[in-house]
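Chemist:
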Amino acid sequence: MKQGLLILTLALSATLSATLSVSESQARPVDTNKQPVPEKLAKAESKAEVRELDWRDLMPEPDPKVVEDYQKGKMDRDAVIAYLEKLGNTAVDKLDKTYGKMPGFLVPLNMDKNQNATELLLVPSAGACIHVPPPPPNQTIYIKYDKGIKVTEAGYTPYWVTGTLRVEKNTSEYTDTLYSIEVESIKGYF
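FYI, in mature numbering (1 follows the signal peptide of the UniProt record, and there is no 0) the residues of the sequence shown are -27 to -1, 1 to 163.
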């Protein structure tokens, strides 16, 4: 219990600190060969335009008042936990039907005798599984991939998943998700 509380507190601290102290240009490398996108999260106009999504895109912006209260030490532990849970259970609706690619690690929900999975979770960090607390629902993406993918090392191998992001709740025996991807392709990150 204490470890979970520590993780939640550290996550809020990192999220809130990053929001206040790191500008978008500092947080992500700038590709000077690309024209700026008028609206960062605008939906792709065609499948030729593949938007590179980031896990931070899936999180709503923190309330500035909460950030201020946190920095001034006005929030007790229970308030921090409650706010983190609320933030982690909130989807960014304007991402619905966004065509793009998302990096992450695959966690199989099913596997056949050849170790191919057709239902998976895409998560932001390596090694996520049922033995540790899962990422928040807005940091976990449900994938139904009829082609199947061999997943012998999936939990520790990064992938790019390309397709259409949907804002929709999915529940499994392992975790809840607030997003799914209609997969076009799954390719190695490197």
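Note that beta-carbon positions come from the ideal geometry of N, C-alpha and C, so glycine has one too.
If you draw a straight line from the alpha carbon of Asp119 to that of Gly61, how long is it in whole angstroms?
Modeler: Taking the straight line joining both Cα atoms gives about 28 Å.
Chemist: Could you round the C-beta distance between Arg24 and Tyr72 to whole angstroms and report it? I think they count as a contact, below 8 Å.
Modeler: 7 Å between Cβ atoms; contact.
Chemist: On the CB-based measure, 16 or more other CB atoms within 10 Å of its CB, does Ala99 come out buried or exposed?
Modeler: Exposed, by the Cβ-count rule.
Chemist: Within its chain, find whatever has a CB closer than 7 Å to the CB of Lys160; leave out the 5 residues flanking it on each side and keep chain order.
Modeler: Closer than 7 Å at Cβ, skipping near neighbours: Tyr132 and Trp133.
Chemist: Going by C-alpha to C-alpha distance, which of Val53, Pro81 and Leu31 sits closest to Tyr147?
Modeler: Comparing Cα-Cα distances from Tyr147 to each of Val53, Pro81 and Leu31, the minimum goes to Pro81.
Chemist: Give the secondary structure of Leu68 by DSSP, where H, G and I count as helix, E and B as strand, and everything else as coil.
Modeler: Reduced to three states, the DSSP call for Leu68 is helix.
Chemist: Taking Thr150 and Pro110 to be in contact with their CB atoms under 8 Å, please state how far apart those CB atoms are, rounded to whole angstroms.
Modeler: Indeed, because the Cβ distance is near 6 Å, the residues count as touching under 8 Å.
Chemist: Spatial neighbours of Val39 within its chain, please: C-beta separation below 7 Å, excluding the five flanking residues on both sides.
Modeler: Within the same chain, Val39 has close Cβ partners Tyr56.
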